[in-house]
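The numbering of the sequence shown is full-length UniProt numbering, which starts it at 1 and goes up by one.
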Amino acid sequence: PTLAFGVCPPRRSRVVRQDVLRPRTKNLQGLKESPSRLVMTATKRASASSKKQGKRADRSSQQQQQYDGSGGVAASTTSSDAKIVTAPAASSAAVSGDSSPRLANTTVCLPIVYGSIAFFLGKKADEYHTHQWTLYVRGPNDEDLSVGVAKVVFQLHPSFPQPVRELTAPPFEVTEKGWGEFEATIRIVWRDPEEKATVLTHGIKLYPPGLTNITASTTSKEPVVHEFYDEVVFTNPKESFHRQLMRTSVLPRIKSHEPAVQENFPTYTDEADLKAMLAAQKFLEKEIGLVKSRLLQADQEVTEIEDELAKIKAEGGSSVSSSSGKGGGSGGKS
Numbered sequence: 001p002t003l004a005f006g007v008c009p010p011r012r013s014r015v016v017r018q019d020v021l022r023p024r025t026k027n028l029q030g031l032k033e034s035p036s037r038l039v040m041t042a043t044k045r046a047s048a049s050s051k052k053q054g055k056r057a058d059r060s061s062q063q064q065q066q067y068d069g070s071g072g073v074a075a076s077t078t079s080s081d082a083k084i085v086t087a088p089a090a091s092s093a094a095v096s097g098d099s100s101p102r103l104a105n106t107t108v109c110l111p112i113v114y115g116s117i118a119f120f121l122g123k124k125a126d127e128y129h130t131h132q133w134t135l136y137v138r139g140p141n142d143e144d145l146s147v148g149v150a151k152v153v154f155q156l157h158p159s160f161p162q163p164v165r166e167l168t169a170p171p172f173e174v175t176e177k178g179w180g181e182f183e184a185t186i187r188i189v190w191r192d193p194e195e196k197a198t199v200l201t202h203g204i205k206l207y208p209p210g211l212t213n214i215t216a217s218t219t220s221k222e223p224v225v226h227e228f229y230d231e232v233v234f235t236n237p238k239e240s241f242h243r244q245l246m247r248t249s250v251l252p253r254i255k256s257h258e259p260a261v262q263e264n265f266p267t268y269t270d271e272a273d274l275k276a277m278l279a280a281q282k283f284l285e286k287e288i289g290l291v292k293s294r295l296l297q298a299d300q301e302v303t304e305i306e307d308e309l310a311k312i313k314a315e316g317g318s319s320v321s322s323s324s325g326k327g328g329g330s331g332g333k334s
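Pasting the structure below:
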């Protein structure tokens with residue numbers, strides 16, 4: 001997809017770990033054993049440790065089954081140092097289970113609005129929490145984007161706990177408190193895994209534009225809304241995905257969890273576009289009329305200048321002829 005200038009399940013949020021597996025290496029200098037011997041020893045140790053880990057896993061699974069059978073509640077816990085490694089899928093079609101063909105010569109646009117809204121906390125503010133803000137991705141008129149969006153991943157400032165927030169159900173929004181402005185990254189993953197994710201960058205604004213002296217008295221009590229309207233264009237989408245995108249207009253509207261946020265959302269309707277087009281048309285008609293009047297005035301001035309030039313030429317020609325006539329008579333007389 002490309003960008004062009006242009007009752008719901010509960011919200012779920014989980015942290016995406018960004019740990020990186022780095023292989024540990026040892027310095028082989030100064031060792032008496034040969035490299036092949038070292039490799040064989042390391043292989044034996046690795047196999048022995050894997051066997052031990054397998055035995056531990058079997059024991060833990062047996063204990064877990066016993067616990068599930070007695071308590072009736074299944075729970076899985078992982079240590080804080082655990083690392084998640086995902087193997088690449090064989091094919092995207094196998095993952096999605098969708099073998100529908102792509103629609104040739106077809107484009108579909110999905111309008112989205114992404115942005116932030118910030119509220120000054122006033123008397124409740126402290127040194128590190130002056131504003132409460134909400135970062136969101138929504139439909140222009142609160143349409144349900146989950147028909148095409150599988151999940152939205154928000155990358156916040158590293159100073160926040162759990163800076164990576166992943167939402168798999170609407171409303172796709174994150175609410176936090178803070179004192180500073182920063183740029184957040186928004187990653188939209190589509191339900192068709194063959195479509196590339198859309199990555200956006202948005203600056204969270206806490207203060208109105210043009211405000212230089214930031215104090216408690218100058219800070220506006222009105223919310224600061226900073227959002228953008230865009231259209232994601234899908235070229236030759238799959239038939240099933242195209243069918244899902246066409247359902248946004250018939251599904252119920254999705255509202256924000258925060259009533260104050262919902263009240264201050266700008267609206268995007270065809271009526272506003274029509275009014276803007278009519279205003280632009282009137283402006284163009286007025287400008288065209290002014291240009292026409294200026295052209296008529298210029299034509300009149302050109303005509304007047306041509307008449308003046310013609311008169312000057314006529315007067316100059318008559319004076320020349322009269323002077324030449326007088327000179328001829330005097331010469332004949334002498």
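Ideal Cβ placement from N, Cα and C applies to all residues, glycine included.
According to the neighbour-count rule (16 or more other Cβ atoms, all chains shown, within 10 Å of its Cβ), is residue i buried or exposed?
i           : result
Leu-156     : buried
Ser-256     : buried
Pro-170     : buried
residue 343 : Because the chain here runs from 1 to 334, residue 343 falls outside it and cannot be looked at.
Ala-276     : exposed
Pro-158     : exposed
Gly-289     : exposed
Pro-237     : buried
Leu-206     : buried
Thr-235     : exposed
Thr-130     : buried
Leu-167     : buried
Gly-139     : buried
Over what stretch of residues does the beta strand (DSSP E) that includes residue i continue unbroken?
i       : result
Ser-116 : 107-120
Which class does residue i belong to by DSSP, given the choice of helix, strand or coil?
i       : result
Glu-222 : coil
Lys-286 : helix
Arg-253 : coil
Arg-247 : coil
Glu-227 : strand
Gly-317 : helix
Thr-269 : coil
In the DSSP assignment, find the alpha helix (DSSP H) that holds residue i and state where it starts and stops.
i       : result
Leu-211 : Careful: Leu-211 lies outside any alpha helix (DSSP H) and carries neither H nor E.
Glu-258 : Neither: Glu-258 is in no alpha helix (DSSP H) and is coded neither H nor E.
Quick one: is the Cβ of residue i within less than 8 Å of any heavy atom of the ligand MG?
i       : result
Leu-167 : Of ligands this structure carries none, so the ligand MG is not represented either.
Is the number of C-beta pairs between the segment 132-144 and the segment 100-115 that are closer than 8 Å three or more?
yes
Any chance you could list the beta strand (DSSP E) runs of at least 3 consecutive residues sitting entirely within the segment 122-203, in chain order?
131-138, 149-155, 164-167, 172-178 and 182-190
The segment 145-153 in contact with the segment 240-248 per 3-pair CB rule at 8 Å
yes
Just checking, does the segment 118-134 make contact with the segment 173-181 on the three C-beta pairs under 8 Å criterion?
yes
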